[in-house]
Amino acid sequence: MSRILITSAIPYINGIKHLGNLVGSQLPADLYARYMRGRGHEVLFLCSTDEHGTPAELAAAKAGMEVEAFCAQMHDTQAEIAKGFGLSFDHFGRSSSAQNRKLTQYFAGELAKNGLIEERSEQQVFSLADDRYLPDRYIEGTCPNCGYENARGDQCENCTKQLDPTDLINPRSAISGSTDLEVRDTKHLYLRQSALKDRLDSWITSKTDWPVLTTSIAKKWLHDGDGLQDRGITRDLAWGVPVKKGTEDWPGMEGKVFYVWFDAPIEYIACAAEWAEANGKDEATWRGWWNEAEGADDVRYVQFMGKDNVPFHTLSFPATIMGTNGDDKGWKLVDYIKSFNYLNYEGGQFSTSQGRGIFQDQALDILPADYWRWWLLSNAPESSDTEFTWERFQADVNKDLADVLGNFVSRITKFCRSKFGEEVPTGGDMTPEGKKLIEDLEARLAAYQTHMDAIDMRKAAAELRSIWTAGNEFLQTAAPWSRIKTEPEAAAADTRLALNLIRVYAVLSAPFLPAAAQTMLEAMQTDDTAWPSSMAQALTALPVGHAYTTPEVMFRKITDEEREDWASRFAGTRS
RNA sequence: GGCGGUGUAGCUCAGUUGGUUAGAGCAGCGGAAUCAUAAUCCGCGUGUCCGGGGUUCAAGUCCCUGCACCGCCA
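Numbering follows this note's numbering, in which position 96 of the first sequence is assigned residue number 96; successive positions increment by one, without gaps.
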């Protein structure tokens, strides 16, 4: 048994996310966490909401709320949705927590102590009407290049020319529309990532087992152009972690906060502290998960994220950790990064702003979580972008869940009920068909575990499906319904084996289908969730005479009418 | 314009370090069975492995080049 620390990229607070956000981080992380727990390992699975920064302030303003209240409310909403999808976080924290504030300030202080923070002066646009500095993209005006009137301060969307806010003709605030702007001098802190470039480079190079997607993105940022650039880690905002050097004030940085991309990954650590507090554990306990000088030597740390987040997790955050640790043993660097491509929707991209695609709350409104979990995980965008279409979703889910798994449970429980009564039948020895099934499953279990250990989700899902199919093959060849007429003892043995298969299916399927697994266990009236070490043994867990109940239809099918209705409902703008 | 990814059966995709007749699921066709959510099981695939060069005894699998789509960056 080992200890496994799992974090999923933390979702931003400004609204409800669509399915693409789910499949790229939280859902696969949950699959892995559930599997590892199932195998008997000690798991700490953490996720939080990412709450700081301008978009949160603007979303709050739009909702007519104070940003703190808005974040608190949206955090609860996202927590509720996560629960709906069965995400088994040990803790769902908040980057605005006191723990994160303290840790973020601590890391900045240590980095400064180690000479890795630099102060730089720059100019930034201040809006007097909004009483705030404006990030480049929140300044709009006429493009000097093409005359487009709604060009943003960072780039003109019309002619794609890169711009400086000061290039814009008639610049105005994108927030209020005010033209009462002025350019002010301001000071900011920069993290000297360039000083850590070589260490980062050799660290990444050593990760030969990581997905190519992960390392190729990291190497590109390390070597492209002038190489890894230093990064500004402070902003002139009100909503964020106040800039401090550890517990000390930082002269010249009054009124400024850390940039959201500096404090967000530190929340991975702070979340463990929040977890400890929420569960009455002491500081040593959570630090023992995170700091190698304080007991985390045996921890394997695995991160899950979409490809857009890779640079921050392979470079910026590791730079923070390395720069803080110096040459000493200290805070854990990630051991494995599982990254994902994008999920597309019916020929285009999911779009939050255009309301295109399916949002997480809507998905749960129309179907149980297991349908989504199964389809998303068995079609996860591991090697390339994946496309969601309603037609495929309907076909796959109906076939895999209703026809193959659900119907298996249904046919054998009902058959047994009518011929032997609702209990595991007695009599008969293992039939040749039964032996063959066990041999087959023995090999498939090994393959399933190999894929799950490697976090090869689509392959694991395919193998799990084959395990379900094996049950149907067995019934088809053993045919207890005809055998019962001539060899009732053999029919009883086959039925006994098939009923035991349901419990094994529950255990093996639980990482993908937690709710269905629960249904199967309840139907079989057992709480024996031991992961099979041998199939032969696992398939005798339910003894002769053990009573069970025949479950309701586990997965009803998606009808053509529903599919058409949903396809049109989610095509356009979210109402 | 630069970089990265992808391009394999009607559809979605597997194909490790180059090596027997290129595989799976779905859809389709044929058959078996009737316990079951008209569910299941069995059988059936010559597809220019995007095009063109090249290396090799041997390339989907390596090199060069072109094309298409996607993304990131300038």
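In this text, a Cβ means the ideal position worked out from N, Cα and C, and glycines have one as well.
Neighbourhood of residue i by C-beta distance below 8 Å, restricted to the same chain and skipping five residues each side
{"i": "residue 330", "result": "291, 292, 293, 321, 324"}
{"i": "residue 193", "result": "200, 228, 229, 230, 231, 315, 316, 319"}
{"i": "residue 559", "result": "none"}
{"i": "residue 209", "result": "336"}
{"i": "residue 176", "result": "127, 129, 130"}
{"i": "residue 384", "result": "341"}
Bounding residues of the beta strand (DSSP E) (the contiguous stretch that carries residue i)
{"i": "residue 306", "result": "299–306"}
{"i": "residue 582", "result": "Given that the chain is displayed from residue 1 to residue 575, the structure contains no residue 582 and the question cannot be resolved."}
{"i": "residue 140", "result": "139–142"}
{"i": "residue 343", "result": "343–345"}
{"i": "residue 338", "result": "336–340"}
{"i": "residue 170", "result": "169–173"}
Beta-ladder partner(s) of residue i, from DSSP
{"i": "residue 126", "result": "133, 182"}
{"i": "residue 44", "result": "5"}
{"i": "residue 234", "result": "258"}
{"i": "residue 117", "result": "191"}
{"i": "residue 331", "result": "291"}
{"i": "residue 242", "result": "257"}
{"i": "residue 49", "result": "94"}
{"i": "residue 248", "result": "245"}
{"i": "residue 151", "result": "141"}
{"i": "residue 356", "result": "351"}
Rounded distance between the beta-carbons of residue j and residue i, thought under 8 Å
{"i": "residue 257", "j": "residue 234", "result": "7 Å"}
{"i": "residue 504", "j": "residue 532", "result": "6 Å"}
{"i": "residue 380", "j": "residue 305", "result": "With 8 Å as the limit, residue 380 and residue 305 do not qualify as a contact, their Cβ atoms being about 13 Å apart."}
{"i": "residue 471", "j": "residue 420", "result": "Not a contact, Cβ separation roughly 18 Å."}
{"i": "residue 360", "j": "residue 22", "result": "6 Å"}
{"i": "residue 270", "j": "residue 99", "result": "4 Å"}
{"i": "residue 44", "j": "residue 103", "result": "With a Cβ gap of about 16 Å, residue 44 and residue 103 do not count as contacting."}
{"i": "residue 221", "j": "residue 311", "result": "5 Å"}
{"i": "residue 56", "j": "residue 114", "result": "About 31 Å separates the two Cβ atoms, so there is no contact after all."}
{"i": "residue 465", "j": "residue 400", "result": "6 Å"}
{"i": "residue 172", "j": "residue 178", "result": "6 Å"}
Residue i, enclosing alpha helix (DSSP H) - first and last residue
{"i": "residue 504", "result": "488–509"}
{"i": "residue 546", "result": "Looking at the DSSP string, residue 546 is not in any alpha helix (DSSP H), and its letter there is neither H nor E."}
{"i": "residue 91", "result": "First-last for residue 91: 91–94, but that is the beta strand (DSSP E), not the alpha helix (DSSP H)."}
{"i": "residue 84", "result": "67–84"}
{"i": "residue 321", "result": "317–325"}
{"i": "residue 106", "result": "98–113"}
{"i": "residue 563", "result": "560–569"}
{"i": "residue 455", "result": "Premise fails: residue 455 is in no alpha helix (DSSP H) and is neither H nor E."}
{"i": "residue 57", "result": "54–62"}
{"i": "residue 203", "result": "197–206"}
Own chain, CB closer than 6 Å to residue i, minus 5 neighbours either side, in chain order
{"i": "residue 514", "result": "86"}
{"i": "residue 517", "result": "506, 509, 510"}
{"i": "residue 17", "result": "11, 360"}
{"i": "residue 237", "result": "257"}
{"i": "residue 575", "result": "Low confidence applies here, because residue 575 scores a pLDDT of 40, under 50, leaving its location unreliable; read the following figure in that light. Result list for residue 575: empty, nothing under 6 Å."}
{"i": "residue 587", "result": "Outside the shown range of the chain, which is 1 to 575, sits residue 587, and nothing can be said about it."}
{"i": "residue 8", "result": "25, 26, 29, 47, 304"}
{"i": "residue 402", "result": "555, 557"}
{"i": "residue 174", "result": "138, 140"}
Own chain partners of residue i with C-beta closer than 7 Å, once the 5 adjacent residues on each side are dropped
{"i": "residue 122", "result": "186, 188"}
{"i": "residue 566", "result": "366, 390"}
{"i": "residue 10", "result": "47, 48, 49, 50, 95, 264, 267"}
{"i": "residue 431", "result": "478, 490, 493, 494"}
{"i": "residue 296", "result": "288, 289, 290, 332"}
{"i": "residue 33", "result": "6, 43, 45, 88"}
{"i": "residue 461", "result": "377, 378, 512"}
Within the segment 372–445, note down every full alpha helix (DSSP H) run reaching 4 residues or more, in order along the chain.
390–397, 407–419
Unbroken alpha helix (DSSP H) runs of length 4 or more, entirely within the segment 5–32: which are they?
For the segment 5–32, not one full-length alpha helix (DSSP H) segment reaches 4 residues or more.
Identify every run of the alpha helix (DSSP H) within the segment 257–288, keeping only runs that are complete inside it and at least 4 residues long; order them along the chain.
As far as the segment 257–288 is concerned, its whole alpha helix (DSSP H) runs of at least 4 residues are 260–278.
Counting only runs of 4+ residues fully inside the segment 513–548, write out the alpha helix (DSSP H) ranges in chain order.
The segment 513–548 contains these whole alpha helix (DSSP H) runs: 514–523, 535–538.
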